[in-house]
Structures are given as C-alpha cells and as structure tokens.
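Before any comments, here is the structure.
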Amino acid sequence: MSGTRSINDMLMQAARSKKGAVAAGRPPASHIAVEKGKTEKKKEQKVSAPHEKMKESGERESGRKDKSPSTLEKSAVAKINEPCEKDNGTAVQNGIEAPMEIDSTREDKENGTIEEQKDSDMGLEEAKLPDSPDIPKISEKISLPPVGVSEVPSITECVSNLTKRQLEFDPKAAAFWKKGEHVPFAFLAHAFDMISCESGRIAMTDILTNVFRTIIFTTPEDLLPTVYLTANKVAPPHHGVELGIGDATIIKTIGETFGKSDAQVKSQLKALGDLGLVAKACRVNQRLMRKPLALTCAKVLKTFKEIAKETGKNSQENRRNKIKSLLVAAMDCEPLFIVRLAQGNLRIGLAEQTVLVALAHAAVLTEKPPVAAAQLPGRLEQAAQIIKQVYSNLPDFDQIVPALLRVGIQDLSEVCHFTPGVPVGPMLAKATKSISDILDKFQDIEFTCEYKYDGERAQVHYMDNGSVEIYSRNAECTTGKFPDVAGAMTRYKKDDVKSFVLDCEIVAYDREADHILPFQILSTRARKGVTLSSIKVQVCVFAFDLLYLNGKELLQEPLRVRREYLYQSFVEVPKEFSFAKAITSTDLEEIQAFLQDAVNHSCEGLIIKTLDKEATYEPAKRSNNWLKLKKDYMDRFVGDSFDLVPIGAFHGRGKRTGVYGAFLLACYDEDTEEYQSICKIGTGFSEAVLEERSASLRANVIPTPKQYYRFGETLGVDVWFEPVEVWEVKAADLSISPVHRAAIGKVDPSKGISLRFPRLLRLRTDKSPELATTAEQVAEMYRAQKINGQSQRDEEED
Numbered sequence: 001m002s003g004t005r006s007i008n009d010m011l012m013q014a015a016r017s018k019k020g021a022v023a024a025g026r027p028p029a030s031h032i033a034v035e036k037g038k039t040e041k042k043k044e045q046k047v048s049a050p051h052e053k054m055k056e057s058g059e060r061e062s063g064r065k066d067k068s069p070s071t072l073e074k075s076a077v078a079k080i081n082e083p084c085e086k087d088n089g090t091a092v093q094n095g096i097e098a099p100m101e102i103d104s105t106r107e108d109k110e111n112g113t114i115e116e117q118k119d120s121d122m123g124l125e126e127a128k129l130p131d132s133p134d135i136p137k138i139s140e141k142i143s144l145p146p147v148g149v150s151e152v153p154s155i156t157e158c159v160s161n162l163t164k165r166q167l168e169f170d171p172k173a174a175a176f177w178k179k180g181e182h183v184p185f186a187f188l189a190h191a192f193d194m195i196s197c198e199s200g201r202i203a204m205t206d207i208l209t210n211v212f213r214t215i216i217f218t219t220p221e222d223l224l225p226t227v228y229l230t231a232n233k234v235a236p237p238h239h240g241v242e243l244g245i246g247d248a249t250i251i252k253t254i255g256e257t258f259g260k261s262d263a264q265v266k267s268q269l270k271a272l273g274d275l276g277l278v279a280k281a282c283r284v285n286q287r288l289m290r291k292p293l294a295l296t297c298a299k300v301l302k303t304f305k306e307i308a309k310e311t312g313k314n315s316q317e318n319r320r321n322k323i324k325s326l327l328v329a330a331m332d333c334e335p336l337f338i339v340r341l342a343q344g345n346l347r348i349g350l351a352e353q354t355v356l357v358a359l360a361h362a363a364v365l366t367e368k369p370p371v372a373a374a375q376l377p378g379r380l381e382q383a384a385q386i387i388k389q390v391y392s393n394l395p396d397f398d399q400i401v402p403a404l405l406r407v408g409i410q411d412l413s414e415v416c417h418f419t420p421g422v423p424v425g426p427m428l429a430k431a432t433k434s435i436s437d438i439l440d441k442f443q444d445i446e447f448t449c450e451y452k453y454d455g456e457r458a459q460v461h462y463m464d465n466g467s468v469e470i471y472s473r474n475a476e477c478t479t480g481k482f483p484d485v486a487g488a489m490t491r492y493k494k495d496d497v498k499s500f501v502l503d504c505e506i507v508a509y510d511r512e513a514d515h516i517l518p519f520q521i522l523s524t525r526a527r528k529g530v531t532l533s534s535i536k537v538q539v540c541v542f543a544f545d546l547l548y549l550n551g552k553e554l555l556q557e558p559l560r561v562r563r564e565y566l567y568q569s570f571v572e573v574p575k576e577f578s579f580a581k582a583i584t585s586t587d588l589e590e591i592q593a594f595l596q597d598a599v600n601h602s603c604e605g606l607i608i609k610t611l612d613k614e615a616t617y618e619p620a621k622r623s624n625n626w627l628k629l630k631k632d633y634m635d636r637f638v639g640d641s642f643d644l645v646p647i648g649a650f651h652g653r654g655k656r657t658g659v660y661g662a663f664l665l666a667c668y669d670e671d672t673e674e675y676q677s678i679c680k681i682g683t684g685f686s687e688a689v690l691e692e693r694s695a696s697l698r699a700n701v702i703p704t705p706k707q708y709y710r711f712g713e714t715l716g717v718d719v720w721f722e723p724v725e726v727w728e729v730k731a732a733d734l735s736i737s738p739v740h741r742a743a744i745g746k747v748d749p750s751k752g753i754s755l756r757f758p759r760l761l762r763l764r765t766d767k768s769p770e771l772a773t774t775a776e777q778v779a780e781m782y783r784a785q786k787i788n789g790q791s792q793r794d795e796e797e798d
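Residue 355 in the numbering used here sits at position 355 of the sequence shown, with consecutive numbering throughout.
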C-alpha cells in the first residue's frame with residue numbers, strides 16, 4: 001500500500017465516519033482522520049485535537065463566538081451537520097432518508113492521488129510575487145507528502161491554522177496540498193464555514209487574509225479563481241455574465257444527484273430552510289461506490305463560467321448536468337457552498353470590501369523581505385486604501401489580481417487605472433431637505449446647481465477604435481437598449497476627440513413638443529435587441545460630467561476642470577444631446593427659482609456639486625460633496641426616496657380580491673447580505689399597476705422565505721418572492737419598529753426602522769436588488785431626521 005494519502009481518501013473517510021455516526025444515533029464527527037490502521041476508538045479520540053490546538057493558540061476577541069473548554073471537549077459534532085449560521089442555527093437532523101447509491105464514473109489512480117484536468121483555458125495570467133522564486137508549473141495531481149515517522153495532519157487540522165493571528169500564521173501549515181498543485185475547493189469551503197462562525201469583521205478579514213496568503217505561497221495562479229469565488233462572482237460586472245440558476249433548477253439537480261424526488265427535496269428545504277444545507281445533508285447520508293475526483297477552485301469557477309454561457313434549447317438540462325458534476329464530486333461542506341455559489345449568495349457575511357482588504361493584507365504579508373513588525377500596521381492600512389482606490393477606478397479582478405502578483409501592492413495603481421471599456425460605479429449624491437441646509441454645508445465653498453433629470457443614468461465609453469459601449473449604474477451593458485445613442489456619438493463629439501467616458505442621463509423625449517417625458521415612458525423600451533426601426537420612444541442625452549478624454553483620466557481633476565473639458569469637447573444637438581442646465585449661485589432666492597424651473601421642466605429637482613474644493617469624482621460613492629434636493633420632499637417628506645425590494649405579499653380582499661393587497665418591502669444590508677423588512681405598502685398603486693406588479697411577482701413565488709430574509713414573525717406574510725424587483729418609494733418619515741428589521745442594531749440594539757406612510761413611485765428597472773437602499777443608508781436618514789427635529793414616533797405595532 002502506498003505511503004501517501006490523497007485528499008479523496010481523507011474526505012471519503014470523513015464522510016463514512018459521519019454516516020456511521022448518524023446511523024448509530026451519535027453526533028457525527030467533523031474531523032477527518034488520515035492515519036490508516038487505527039481503531040475506531042482512536043479515531044474518535046483524535047476528533048477534538050484540532051479544537052484543542054485552536055484553544056491553545058488563543059481565541060481572538062474581535063467578534064469570535066465564545067466556546068468554553070467544556071463545549072470544546074464535547075465538540076465532536078461536524079460542521080457538516082451543524083453549520084454555524086449566524087441567525088437560524090439550523091442543523092441537519094438525524095433520520096433523513098438516505099438516497100440511492102450513485103455511480104461516479106471517474107476512476108482514481110492506483111497510488112491514491114487525484115487526477116485533475118488542467119484549466120489552461122481559464123485565461124489566468126502566470127504571475128509571481130516580486131523577488132520570489134519561480135513557482136513550479138501547476139501539477140495535475142493533488143496529494144499529501146508520504147507518511148513517515150510523524151503523522152500527516154488532517155484537513156481540519158490544517159485549516160484550523162487559518163484562525164491564527166497574522167504574525168503567528170504559517171502558510172505551509174495551512175496547506176494540505178503540494179506547492180504547485182491546484183488549490184482544493186475543500187480548502188476554500190472549510191474557510192467559508194469558519195468565516196460563517198464569525199461575527200466580527202476583523203476576524204473574518206484575518207481568516208480570508210490567511211487563505212489568500214496560503215494560495216500565494218503554494219499556487220499563485222489560483223489566486224484569481226479563488227478571489228472570484230470569494231466575491232461570489234464569475235466575471236467582472238460589465239461582462240454581463242449571469243449564472244441564471246433558479247431554485248427550481250437547483251431542487252431538481254439535487255434530486256437527480258442524490259436520488260430524491262422533487263417533493264422530498266422540497267420537504268427537506270422546508271425543514272432546513274436552505275438548499276445548501278439540503279445538499280450537504282444528502283451528501284452525508286449517501287453511500288458512494290467510487291471515490292469522486294476532488295474539486296479544485298479553478299475547476300469550480302470554470303464550471304460556473306460554462307453554465308453562464310449555456311443558451312438554447314437544451315441549456316437548462318446542460319446547466320443541471322454541470323451543477324450535478326460538481327455535487328457528485330463534492331464532499332464534507334463543499335455541497336453547501338456549491339449550491340450557495342450557484343444561487344449567487346454565500347450568506348456568510350463576507351462583503352466585497354472585506355475581500356479587497358484581505359487581498360491587500362495578503363500582498364503585504366507575503367512581501368520579500370518581510371515587513372518589519374513595527375511598520376506592519378501602517379503598511380496594512382495603506383495597502384487597504386490602495387486596493388480600494390484601484391478597484392473603484394478599475395473594478396476588474398481579471399486585471400487587478402495578476403498585476404498585484406506581478407508588481408506588488410505599492411505599484412498597483414501605476415499599472416491598474418481607469419480606462420474606457422471598464423465602467424466605474426457612478427458617483428452619487430446625498431439627500432438634503434432645504435436650500436438653507438445646502439448653504440450651511442457649503443459655507444465658503446463655491447458650488448453649482450444642476451437639473452436632476454428623471455431618466456436612466458448612463459456611462460458612455462468611446463474607444464480609440466471608434467467602438468461605443470453604454471453602461472447602466474450597475475455596470476450592465478445597455479448598448480443594445482440605446483443603439484440610437486451609441487450610433488450618434490460621433491455627431492456629438494468634436495473631431496479632435498478620439499476617446500472619452502461620459503457621465504450622463506438618458507431621458508425619454510418628445511421631440512415634436514420639445515419636452516421631457518416621464519421615466520415610465522422610457523422604461524417601456526426593451527432591455528436589449530432594440531433596432532433603429534423599432535424605436536417608438538425617442539430619447540435625449542443630458543451630459544454633466546467627463547471622466548476620461550483622449551487617453552487622460554480625469555477622475556482626480558476638480559469638477560470645474562472636468563466640466564470645462566466637457567463643454568470644449570462636445571457640441572449640443574437640439575432635442576438629442578444637451579449639457580445639463582446649471583447655475584452657480586449662493587443666493588437663496590435664485591436657487592429657489594432655479595429649483596422651481598427644474599420642476600416645471602419635468603425634472604425631479606436639483607443636484608448641488610462643489611466646483612473646486614473636494615470636487616474630484618468619487619466612483620461608487622455617495623458623497624457629501626454632491627447633494628440632491630427634490631421638490632416633493634421639501635418640508636413634508638423624508639429627504640430622499642427609497643429603492644426597496646418586494647420580498648413578500650398579503651392577499652387582497654374586497655376590491656383587491658385576485659391580486660395582492662399589500663407588499664412587504666426590504667432594504668439590503670451589505671455587511672450581512674440580508675434583505676431586511678422595512679414596511680408594508682399598499683398605496684400608490686393604480687388598478688393597472690397593481691395587477692401588473694402582482695402578475696410579475698407571481699412568477700417569482702417561493703414556498704418559504706429565504707434564509708437571508710429578516711422580518712418580524714408577527715407580520716403574517718401570505719406569499720414570499722425571490723428578490724428580483726426594485727421599487728422606488730417615498731415616505732413621510734422613519735420610526736423605530738419592533739416588527740421590522742431594517743438597520744437592526746445600527747440605531748436600536750433589538751429593533752429595526754420602518755417607513756411611515758410609504759407610497760409607490762415607480763419600478764426601478766435600472767437597479768438590481770443588491771443596489772437597493774442599504775441598511776446603513778436607512779440608519780443615516782433616521783439619524784438625520786432626528787437631528788432635524790422632525791416629528792417621529794416609535795411603532796407599537798405594524
């Protein structure tokens with residue numbers, strides 16, 4: 001018998017141990033024994049060793065869940081069957097019906113190593129750290145070193161090192177694969193499981209930093225796919241790559257993989273509340289005839305990319321088969337996160353900003369020579385700021401990660417910068433309620449007031465080769481929606497303009513009557529595939545900022561300079577292309593008259609911007625240097641509208657029989673990746689709109705609320721929806737609520753915030769649910785309301 005143990009051997013042995021434990025009615029063991037020839041008694045004795053090792057190294061205080069020694073001694077329970085979920089704490093129950101055996105068609109090598117197909121078509125740029133030795137070519141085998149006198153550590157023992165402090169961590173101790181081999185997906189899945197047990201941002205960042213450090217040390221080529229999986233993406237946002245995998249497809253796939261009917265899977269879903277947990281439970285209870293080929297991070301990402309490209313007649317079946325190929329090979333906690341990745345939500349509280357910070361920290365901590373301990377805190381903070389700035393200007397991991405490995409963090413901004421073809425997030429304005437507020441905030445600062453047009457925010461990219469792409473505020477390519485705008489750009493620019501990026505608003509326009517039409521008219525345009533001959537709604541482009549011109553990035557230039565470039569580089573074409581109307585004034589009456597003029601011209605209000613001081617363009621940031629003032633919200637209403645997601649509904653009665661009578665709306669918490677209820681809404685709907693929205697949402701009904709929905713149990717919701725739409729809503733004010741969960745813990749430790757007298761304004765087709773109003777924004781607006789002394793009350797009941 002060979003002296004090596006493959007990762008498959010370790011995973012299979014763990015699965016058998018857990019299955020046996022379930023059958024015996026014992027808590028299934030979570031740890032993977034690797035030494036052959038040991039008795040079952042010795043295996044059980046070794047189960048708690050990793051926990052003791054973690055206990056000896058010391059638990060961090062920053063958010064780590066407390067475990068007493070007595071709990072640790074008892075903790076032979078697997079995370080497989082008792083995952084550490086922050087909110088529901090759901091555990092897989094014993095007695096789940098075991099599915100039929102399935103036959104994996106893949107064979108293992110006789111020596112116990114794992115054969116892994118090369119992912120040469122991934123397009124990963126071969127890169128290495130500065131001053132580091134050459135990294136050997138990725139091996140096609142993943143194996144463990146021979147067992148000699150000393151015992152080979154288990155996977156759990158290896159990954160337990162990820163919880164160590166930065167200066168105590170050794171990447172060699174965390175890796176259970178050889179240098180140059182593809183990174184096993186089991187490594188990342190275990191790390192996700194550990195992160196899900198943390199509530200503190202520092203602890204999460206440290207674990208993820210150590211994950212990236214380990215990959216940089218062993219297989220830097222796999223850093224890119226790992227970063228994408230960690231960010232729950234398969235490609236940069238502007239590529240428009242979407243998995244498009246609904247729960248119905250996943251339910252059917254789980255059933256086909258593990259020999260269960262759709263009804264059985266749905267029954268387990270009702271009990272566990274999470275399809276990922278269902279897949280994990282099915283794997284624990286399934287007996288395999290052959291050992292599957294171990295998954296790697298590169299393989300998982302490649303498969304998801306293939307799924308996203310599937311189109312045509314057999315696309316749904318092909319998608320199921322590809323997901324099935326991953327689930328068949330998945331062991332331990334891998335099925336949980338494969339399903340969640342397919343759903344597009346890991347639900348472990350890992351925000352994109354945390355991924356960026358961890359990546360920056362990993363780059364610093366793997367520098368050669370090492371950074372001195374005394375200088376480390378400052379270097380880590382500096383690195384985090386560098387990578388955040390770079391990513392805001394170039395939100396593309398395909399370019400950033402290879403460059404980071406190639407040149408290091410200090411020179412990253414020199415090689416990664418804003419360029420046409422990669423849209424940045426739009427700079428956004430904060431709301432204000434009065435002109436006097438504006439004058440107070442901008443004392444001794446020159447500012448300009450512009451019309452706030454009621455259309456669709458657009459970023460127009462004109463490349464050196466003459467090609468044009470238009471992107472929405474969430475980086476979706478909308479060139480196919482506005483072919484008339486793309487085709488006319490050469491007429492709007494001057495001859496000496498060779499490349500540019502324009503920030504503008506596209507509005508529906510009646511060219512005969514020469515006036516702006518409501519946003520609802522614009523929303524009737526098809527989202528893609530529009531031809532010039534089929535256009536019924538004409539548009540006008542109102543340009544207000546220039547971010548790039550003839551090879552020069554303008555983001556760091558003040559608005560006065562950017563606007564001057566704009567005026568010099570384009571020519572207005574009546575009823576087609578105009579500059580946003582603006583004035584520069586500090587006179588209250590003049591600004592008041594300009595606001596009324598904007599409203600009279602079918603605009604929402606004004607945008608107020610600083611011209612010189614703190615006047616750079618800040619991508620993807622809601623800045624205090626831009627303020628918005630809407631006529632509707634002055635004096636009476638909250639200073640801004642809310643973009644909210646309908647997650648549930650209540651059956652209509654009386655005149656509303658047959659449609660939904662009211663809807664449950666939610667904001668989005670970026671930190672916890674949750675949709676948090678904020679109000680019930682039943683006003684602002686015409687009969688036609690109510691029927692339209694009801695019909696649209698009926699196609700997205702789900703049997704139970706998502707695990708990442710937070711709401712009061714007393715609400716009595718009749719129907720639940722997938723999070724698919726965004727509605728713009730305005731309200732009289734905000735109040736603390738015992739039944740709603742918006743911004744819970746941010747203003748009140750146990751209560752959320754709700755909207756009083758909400759009213760529907762419109763459907764926001766230009767926003768995805770993840771771009772809805774955030775919990776932090778809700779909390780900010782509540783605090784601002786309190787400071788302004790607006791009347792408010794706490795709700796006793798909803």
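Here a beta-carbon is modelled for each residue, glycine too, at the ideal position from N, C-alpha and C.
Residue 648 sits away from residue 739, with the two beta carbons spaced by 8 Å or more. When DSSP states are grouped into helix, strand and coil, residue 617 belongs to the coil group.
CA-CA distance, residue 608 to residue 355, rounds to 33 Å.
Take residue 721, set aside five residues on each side of it, and the residues of its chain with a beta-carbon closer than 8 Å to its own are 646, 647, 648, 649, 697, 700, 701 and 702, in chain order. Listed in chain order, the non-local C-beta contacts of residue 594 below 8 Å within the same chain comprise 449, 583, 585 and 606, local neighbours out to five positions each way being set aside.
Pairing residue 781 with residue 640 gives a Cβ-Cβ distance under 8 Å. Remark: three or more beta-carbon pairs, one from each stretch, lie closer than 8 Å, so the segment 653–665 and the segment 677–691 are flagged as touching.
Boundaries of the beta strand (DSSP E) harbouring residue 646: 642–651, taken from the DSSP string. Note that the C-beta distance between residue 424 and residue 472 is not below 8 Å. Within the model, the alpha-carbon separation for residue 469 versus residue 373 is close to 47 Å.
Of all alpha-carbon atoms in 778, 266, 328 and 560, the one lying nearest the alpha-carbon of residue 300 is that of 328. Here residue 361 is buried, its C-beta having at least 16 other C-beta atoms within 10 Å.
The straight-line gap separating the alpha-carbon atoms of residue 166 and residue 215 is approximately 15 Å.
Secondary structure note for residue 470: its beta strand (DSSP E) is the uninterrupted segment 468–471.
Each of 229, 224 and 344 was checked against the Cα of residue 242, and the nearest Cα belongs to 344. Residue 405 and residue 246 have their C-alpha atoms roughly 36 Å apart. If you draw a straight line from the Cα of residue 273 to the Cα of residue 351, it is about 22 Å long. Going by beta carbons, residue 266 and residue 336 fall outside the 8 Å limit. In this structure, the alpha-carbon of residue 555 lies about 8 Å from that of residue 562. Residue environment analysis places residue 688 among the exposed positions, since fewer than 16 neighbouring C-beta atoms fall within 10 angstroms of its C-beta.
Per DSSP, reduced to three states, the secondary structure at residue 286 is coil, with no helix or strand assignment. Our two residues, residue 221 and residue 776, have alpha carbons roughly 36 Å apart in a direct line. Here DSSP, grouped into helix, strand and coil, assigns residue 318 to helix.
Here the alpha carbon of residue 712 sits roughly 13 Å from the alpha carbon of residue 736. Within the segment 166–220, the complete alpha helix (DSSP H) segments of 4 residues or longer fall at 171–174, 185–196 and 201–218, listed in chain order. Contact annotation: the segment 455–470 touches the segment 480–500, with at least three C-beta pairs closer than 8 Å. Shown here, residue 760 sits in a strand according to DSSP, grouped into three states. Annotation for residue 265: no beta strand (DSSP E) segment contains it, though the alpha helix (DSSP H) segment containing it runs 262–272.
In this structure, DSSP gives residue 380 a helical state, which the three-state scheme calls helix. Taking C-alpha positions only, residue 569 is separated from residue 464 by approximately 15 Å. If you draw a 10 Å sphere on the C-beta of residue 357, you find 16 or more other C-beta atoms in it, and that means buried. Bounds of the alpha helix (DSSP H) holding residue 252 are 247–258.
Out of 277, 326, 276 and 319, the CA that lies nearest to the CA of residue 297 is found in 326.
By the criterion of a C-beta distance shorter than 7 Å, residue 415 is surrounded in its chain by 403 and 407, once the five residues flanking it on both sides are discounted. For the 8 Å CB-CB criterion, residue 446 and residue 611 form a contact.
Taking residue 269 as the centre and dropping the five residues before and after it, the same chain places the C-beta of 251, 275, 278, 703 and 704 closer than 8 Å to its C-beta, in chain order.
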